[in-house]
Amino acid sequence: MAYTTLNLEFSGEIATITLNRPEKRNAISAGMIADLMAAFAEVEANPAQILILTGAGKAFCSGMDLDALKAVATQSPTEHLEDSRRTARLYRRIWSFPKPTIAAVNGPAIAGGCGIATLCDFTISVPGAQFGYPEVRIGFLPAVVSVFLVRQISEKHARDLLLTGRIVDAGEAFRLGLVTQIATEEELMPAAHSLAAQLLECSPVSLLKTKKLLCNFAAPELDRELELATAEGAQMRSTADFREGLASFLEKRPPRWGPK
1 MAYTTLNLEF
11 SGEIATITLN
21 RPEKRNAISA
31 GMIADLMAAF
41 AEVEANPAQI
51 LILTGAGKAF
61 CSGMDLDALK
71 AVATQSPTEH
81 LEDSRRTARL
91 YRRIWSFPKP
101 TIAAVNGPAI
111 AGGCGIATLC
121 DFTISVPGAQ
131 FGYPEVRIGF
141 LPAVVSVFLV
151 RQISEKHARD
161 LLLTGRIVDA
171 GEAFRLGLVT
181 QIATEEELMP
191 AAHSLAAQLL
201 ECSPVSLLKT
211 KKLLCNFAAP
221 ELDRELELAT
231 AEGAQMRSTA
241 DFREGLASFL
251 EKRPPRWGPK
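First residue of the sequence shown: 1, per this note's numbering; consecutive thereafter.
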């Protein structure tokens, strides 16, 4: 299948998805989400047993595409809800993908890009990468990601990241549990392939069943929380703070928050 926002390659038992919008810092668009969902389906149907996810250029994924952000300002409530659900479907797909996944984070992974990077089973990062969810700084709600983040790291750390919106370096992301390994730029992909080789030594049936078991433990409660989160995320987009935050971001100026 031909993709416009990513490349998909197969090499023996390893599949590699490379986000390929380097001129946009691999920012997320509706087209990229559609491509990712189709690529996941292709990898799942392929004999490849391990999936590596990385980015082209200097960034892994910088978050939402600027044109997509501009379009948000004119969306209806129904469109806001569908947009929120589209993100939830993508995150859940990564979280529950049946084959082991490895994110090779070659640069900044911010907002939605941080979600893509850290929802993989393993996250290997270069030292210069950055991670974070700055949504509260521009009037957005980190709703969908919060459902997953409190399961990845402690609730205390999740509150820290989500309420401050601060960006952390790879070392702190490793300390928090968002990153599982740090490798130099030269060693990033070799480290990902070395981990893949280690996984390929395991029983493929055991790997599949272990992932399924882990997901099944959490799925009922997670799906309930995702439905609540998508509704809250869509509702936030009808507020004055959201409109001001979005406008300030697009106009590259500090936000002027109104009365609470």
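Quick reminder that beta carbons are idealized off the backbone N, C-alpha and C, glycines included.
Model, not experiment: these values are computed from the prediction.
Among Glu13, Leu222, Thr87, whose alpha-carbon lies nearest the alpha-carbon of Cys202?
Glu13
With respect to the alpha helix (DSSP H) encompassing Ser248, which residues constitute its N-terminal and C-terminal limits?
240-251
Reducing DSSP to helix, strand and coil, say where Phe60 ends up.
coil
Between the region 101-118 and the region 126-143, do at least 3 Cβ pairs fall closer than 8 Å?
yes
Compute the beta-carbon to beta-carbon distance between Val136 and Gly165, rounded to the nearest angstrom, for a pair I have assumed lies under 8 Å.
5 Å
Residues in the same chain with beta-carbon distance under 7 Å from Pro22, minus the five sequence neighbours each way, listed in chain order, please.
Ala56, Gly57
So, under 8 Å CB-CB, Thr18 and Thr54 are touching, yes? Tell me the CB distance rounded to an integer number of Å.
5 Å
How many whole angstroms separate the CB atoms of Phe97 and Phe174, which I take to be in contact at a CB cut-off of 8 Å?
The Cβ separation is near 23 Å, so there is no contact.
Assigned secondary structure, Asn216 (DSSP; H/G/I helix, E/B strand, else coil):
helix
Name the residue from Ile153, Leu250, Leu176 whose alpha carbon lies nearest to the alpha carbon of Ile138.
Leu250
On a Cα-Cα basis, can you pick out the residue from Asp241, Val145, Ile94 that is closest to Met37?
Ile94
Using three-state DSSP, classify Ser11 as helix, strand or coil.
strand
Which residues in the same chain have their Cβ closer than 6 Å to the Cβ of Pro142, if we skip the five residues on either side of it in sequence?
Tyr133, Glu135, Leu162
If we require 3 or more residues per run, which beta strand (DSSP E) segments fall completely within the region 134-199?
167-169
CA-CA distance, Ser248 and Pro190?
41 Å
Proximity winner among Trp257, Gln235, Gly245, Glu244, relative to Glu82 (alpha-carbon distances):
Gln235
Among the residues of its own chain, which have a CB less than 6 Å from the CB of Ile167, if the five just before and after it don't count?
Gln130, Gly132
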